Every structure is written in structure tokens, then in C-alpha cells.
Amino acid sequence: MTAHRAQGQTLSAVIVDLQSCRGSEALYVMLSHVTSIKGLLILRSFSRNKITCNVSEDLRVENKRLREIVLETTVWCSTNVIETQAAIDNLATQQDPVSRCTTRDLKRHASRTNHIDAPLSE
Numbered sequence: 006m007t008a009h010r011a012q013g014q015t016l017s018a019v020i021v022d023l024q025s026c027r028g029s030e031a032l033y034v035m036l037s038h039v040t041s042i043k044g045l046l047i048l049r050s051f052s053r054n055k056i057t058c059n060v061s062e063d064l065r066v067e068n069k070r071l072r073e074i075v076l077e078t079t080v081w082c083s084t085n086v087i088e089t090q091a092a093i094d095n096l097a098t099q100q101d102p103v104s105r106c107t108t109r110d111l112k113r114h115a116s117r118t119n120h121i122d123a124p125l126s127e
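Just so it is clear: in the sequence shown, position 11 is 16 by our numbering, and no numbers are missing.
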């Protein structure tokens, strides 16, 4: 059976000739249909070049761009977490009672001073 004909099938046993592959796509098609490594028999030795593909320059550039985005995002998120925690710590140490009050205190204060029509639920 050819790799093309095997598409869409799941096979318990496959014999493949990797040396005859033309490109990594055919290799993937051949290997992806066997259900387990035990069911795979490689017919003959093959060149490592048969199972690797050349990455285009466009793909290299895109992968580099994505790695840089991940790095920038990680740094940005880490910085924001540190800044947020510092702001929380700063509020907790201030002597100003308004800065230290919690949401519950604000709701209680608002309902007592009639700044709202109905008490807020806690």
C-alpha cells in the first residue's frame, strides 16, 4: 500500500521504506497511521536527511519573532506582578484609614452615609 493510499486509515502494522521518502510530509504520512511502535517495521537503513526537513527562511524569521514575543510578554507580566504587589504592600503600610479600608468597609460606609439608595450586598 502506498503512503497516499494509507491516508485516512489506522493500521496496526506498517512496513515502511524511509529511504524512498520524498520530503518529510511523506514520512509523516507513512508513520502517522500505525497505532503503536510495536507495529512499525522499517524496511532498511536510511539517511538522516530523509527524516529532517529544511526550514525556510520565512519560518526561521517567524519563529524568532514568536520567541521574542514570549520573552517580552514574560518580562512584562513579571514586572506588572511585582509592581502590583509593591502597590498592595504600600497601601497596607499607609496610615491613611481610607487607603487601608477594604471593599466591605467601603460598602458599609456608603450604606451608613446614604451615598447610595440601597445597601450593597457583601
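Backbone N, C-alpha and C fix where the C-beta goes; we use that ideal spot for every residue, glycine too.
These numbers come from a predicted model, not from an experiment.
Skipping 5 residues on each side, what residues in its chain have a beta carbon closer than 7 Å to that of residue i?
i: L48; result: I20, V21, D22
i: H38; result: A11, Q14, T15, L16, V19
i: N68; result: none
i: S83; result: none
In terms of residues, what are the limits of the beta strand (DSSP E) holding residue i?
i: L46; result: 45 to 47
i: V21; result: 19 to 21
Give the C-beta separation of residue i and residue j to the nearest angstrom, bearing in mind that I take them to be a contact with Cβ-Cβ under 8 Å.
i: Q24; j: K43; result: Rounded, the Cβ-Cβ distance is 22 Å, inconsistent with contact.
Within its chain, find whatever has a CB closer than 6 Å to the CB of residue i; leave out the 5 residues flanking it on each side and keep chain order.
i: D63; result: none
i: F2; result: It is not possible to answer for residue 2, since the shown part of the chain is limited to 6 through 127.
i: C26; result: L32, K55
Can you list, in chain order, the residues of its chain whose CB lies under 8 Å from that of residue i, leaving out five sequence neighbours each side?
i: L4; result: Residue 4 cannot be examined here, being either before or after the span of the chain that is shown, 6 to 127.
i: T40; result: T15, L16, S17
i: L76; result: none
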